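In the UniProt record's numbering, the protein residues as written are 1 to 433. One structure is given below, encoded as C-alpha cells.
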Ligand SMILES: Cc1cc2nc3c(=O)[nH]c(=O)nc-3n(C[C@H](O)[C@H](O)[C@H](O)COP(=O)(O)OP(=O)(O)OC[C@H]3O[C@@H](n4cnc5c(N)ncnc54)[C@H](O)[C@@H]3O)c2cc1C
C-alpha cells in the first residue's frame with residue numbers, strides 16, 4: 001500500500017522558515033511523515049541575518065545582538081556551537097551603556113558635564129521602564145520615586161487620560177520631559193559656556209533627550225516615535241541578562257539550524273509563509289488599489305522611514321562626505337572616512353523594511369491575527385471543519401506578539417507553526433518548545 005505523505009512548503013529561508021523546517025525534519029515522530037521543501041527567493045539563506053566582511057572584520061549587516069542571554073534559544077545554540085569565541089576579529093559590541101568613561105559631546109567639541117546628562121539619562125530610562133511595566137509604584141524607592149512620579153504624570157496628562165489606546169510612545173516621552181522641566185525650580189545657565197550664545201541647560205538637556213529618542217527609534221525601527229503604540233510597549237518582552245554579539249557571526253546560528261536539512265527536499269498540502277511584513281504588505285497593496293492593508297502594523301517601509309530609504313539611495317561618496325562633516329562638527333580633529341559598507345533592507349524587494357513594530361492604532365491582537373493559519377481549522381460561522389485545513393500558515397518575526405522584531409521572535413514563530421502541523425498530524429511528545 002502506498003501511503004501519501006503530506007507535502008509542506010516553507011517560503012523563506014530566514015530564521016523563522018529554517019527553524020520550522022528544522023523542527024519538522026528533526027522531530028523523530030515526524031521524520032518520515034512529511035515531504036518538506038524550503039523555497040527561498042534570494043541566493044543565500046539567513047534573510048535578515050547576513051554576516052559579511054569589511055576591512056578584514058566580520059560585520060553584521062542585519063541582526064547583530066542576542067537581546068538578553070537569559071532563556072534565549074539563540075544564545076543556547078551559540079553556546080552549543082561554540083560560536084561565541086573566534087580567533088578572527090569581529091564586530092564585538094558587547095556590554096551596556098553604563099560605562100562611566102562614556103562622554104557626551106555637543107557641536108564644536110563641547111563636553112557636557114554629567115550634571116546635565118545624568119538626570120536626562122535616568123529620566124529616559126525610567127520613562128521607558130514605566131511604559132514597559134518595569135517601573136511600578138511599589139518598586140520606586142528613593143530618587144527613583146521622583147522619576148516614577150514624572151512618568152505617572154506624563155501617562156495621566158490631558159493628552160492621555162484614562163484611554164491609552166491610540167497613544168504613542170513619542171507623546172508619552174515628551175510629556176515626561178515636560179514634567180521633568182516643570183519639576184526644576186529654575187533653569188540655570190551652564191557654567192563655562194557663556195560663549196555659546198543661546199546654549200543653556202534646558203536646550204542641552206533637550207538635545208540629550210532627543211539623542212535618546214533617536215536611539216529608541218533605532219531599537220524599535222519606528223521612524224517616528226509618535227507612530228509607536230504606547231499600550232503595545234508593555235506587552236513586549238525582553239530576555240534578562242546581557243546583550244551580546246556572536247564572535248563567529250550570526251550566520252553560524254543559521255548554518256547550524258539549516259545543517260540538518262537535505263539539499264533538495266517536493267500537489268501541496270501546507271505552505272508556511274515566513275516573508276517579512278514589508279513583503280506581505282507590498283503584495284496586499286498590489287492587489288488593493290487604495291493601498292490600505294488594514295493591518296495597521298508598522299514596519300520599516302512606512303512613510304516615517306523616509307530617512308532610511310533616503311540614506312540607502314545615496315552613493316558612497318555622498319555618505320562619506322555627510323558622515324565626515326557631521327563627525328567633524330563634534331570632533332574637529334577626527335580622521336576622514338575612506339570606505340563604506342551599506343545595507344539596503346528598505347529597498348531590497350525581498351525584505352522592504354528592517355523589522356516590525358506596533359504602530360499607533362494597532363495592537364498585539366493584530367499580531368495574533370497575522371499568525372492565524374488559513375483556512376482556519378473550523379469555519380466560525382457554522383462550526384464545520386474544512387476538508388483541507390492549515391493550507392497556509394504564517395511565521396516570521398512580525399507574527400510573534402511579545403518578541404516581534406528579533407531573531408528569537410522569528411525562531412519561536414517557526415517552532416509555533418511546525419508544532420501546529422505536528423499536532424495536526426498527531427505527532428505527540430514533541431511540543432516542548
Ligand atoms: C539592520 C537590522 C538589524 C537587526 N538587529 C537585530 C538584533 O541585533 N537582534 C535581533 O534579535 N534581531 C535583529 N534584527 C531583526 C532580525 O534580523 C529579524 O527579526 C529576523 O531575522 C527575521 O527573521 P524571519 O525569518 O522572520 O524573516 P526574514 O529573515 O526576512 O526571512 C524571510 C525570507 O523570505 C525570503 N523571501 C521574501 N520574499 C520571498 C518570496 N516571494 N519567495 C521566496 N522567498 C522570499 C527572504 O529572502 C528571506 O530570506 C535586525 C534586523 C535588521 C534588518
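Backbone N, C-alpha and C fix where the C-beta goes; we use that ideal spot for every residue, glycine too. Bear in mind the structure is a predicted one, so any value in this text is a computation, not a measurement.
query: Reduced DSSP secondary structure (H/G/I, E/B, other) of residue 242; result: coil
query: Heavy atom of ligand 1 within 7 Å of residue 215 beta-carbon; result: no
query: Beta strand (DSSP E) segments (min. 3 residues) lying fully within the UniProt domain "Amine oxidase" (305-422); result: 392-394
query: Same chain, Cβ closer than 6 Å to residue 329, neighbours up to 5 away in sequence not counted; result: 107
query: Which listed residue (55, 117, 104) has its alpha carbon closest to that of residue 91; result: 55
query: Per DSSP, cross-strand counterpart(s) of residue 8; result: 36, 270
query: The stretch 33-50 touching the stretch 204-213, judged by at least three CB pairs closer than 8 Å; result: no
query: Same chain only: Cβ atoms within 6 Å of residue 238, ignoring 5 sequence neighbours per side; result: 68
query: Burial state of residue 401 (16 or more Cβ within 10 Å); result: buried
query: Buried versus exposed, by CB contacts within 10 Å (16 or more), residue 246; result: buried
query: Heavy atom of ligand 1 within 7 Å of residue 255 beta-carbon; result: no
query: Residue ranges of each alpha helix (DSSP H) within the stretch 40-113, 4 or longer; result: 73-80
query: Where residue 283 falls: helix, strand or coil (DSSP); result: helix
query: Limits of the alpha helix (DSSP H) - the one that residue 221 falls within; result: Here residue 221 belongs to no alpha helix (DSSP H), and DSSP marks it neither H nor E.
query: Beta-carbon proximity list for residue 10, same chain, < 6 Å, skipping 5 on both sides; result: 17, 20, 21, 38, 272
query: Residue 284 and residue 78 closer than 8 Å at C-beta; result: no
query: Reference residue 396, options 390, 389, 417, closest by Cα; result: 417
query: Any non-hydrogen atom of ligand 1 within 7 Å of residue 238 CB; result: no
query: Ligand 1 heavy atom lying under 7 Å from the CB of residue 64; result: yes
query: Residue 361 beta carbon less than 8 Å from that of residue 15; result: no
query: Distance cut-off 7 Å: residue 345 Cβ against heavy atoms of ligand 1; result: yes
query: Check: residue 230 C-beta below 7 Å from any heavy atom of ligand 1; result: no
query: Contact test: residue 369 Cβ vs ligand 1 heavy atom, cutoff 7 Å; result: no
query: 8 Å Cβ cutoff met for residue 411 and residue 74; result: yes
query: Backbone secondary structure at residue 261 - three-state DSSP; result: coil
query: Three-state secondary structure (DSSP) of residue 168; result: strand
query: Through-space distance from residue 240 to residue 13, alpha-carbon basis; result: 28 Å
query: Reduced DSSP secondary structure (H/G/I, E/B, other) of residue 277; result: helix
query: Strand pairing of residue 229, partner residues [DSSP]; result: 168
query: Own chain residues within Cβ distance below 7 Å of residue 187, not counting five before or after; result: Per-residue confidence for residue 187 stands at a pLDDT of 48, beneath the threshold of 50, marking its modelled position as unreliable; the derived number appears in the next sentence. For residue 187, where only same-chain residues beyond five positions count, the Cβ hits under 7 Å are 200, 201, 202.
query: Helix, strand or coil at residue 174 [DSSP, three-state]; result: helix
query: Residue 148 versus 167, 168, 157, 126, residue with shortest Cα-Cα distance; result: 126
query: Contact belief for residue 339 with residue 312 at Cβ below 8 Å, rounded distance in angstroms; result: Not quite, the Cβ-Cβ distance comes to about 17 Å (not below 8 Å), so this is no contact.
query: For residue 249 and residue 89, the rounded distance between their alpha carbons; result: 10 Å
query: Min CB distance residue 119 to chain B below 8 Å; result: Of the protein chains in this structure there is only one, and it is not chain B.
query: Contact belief for residue 48 with residue 345 at Cβ below 8 Å, rounded distance in angstroms; result: 7 Å
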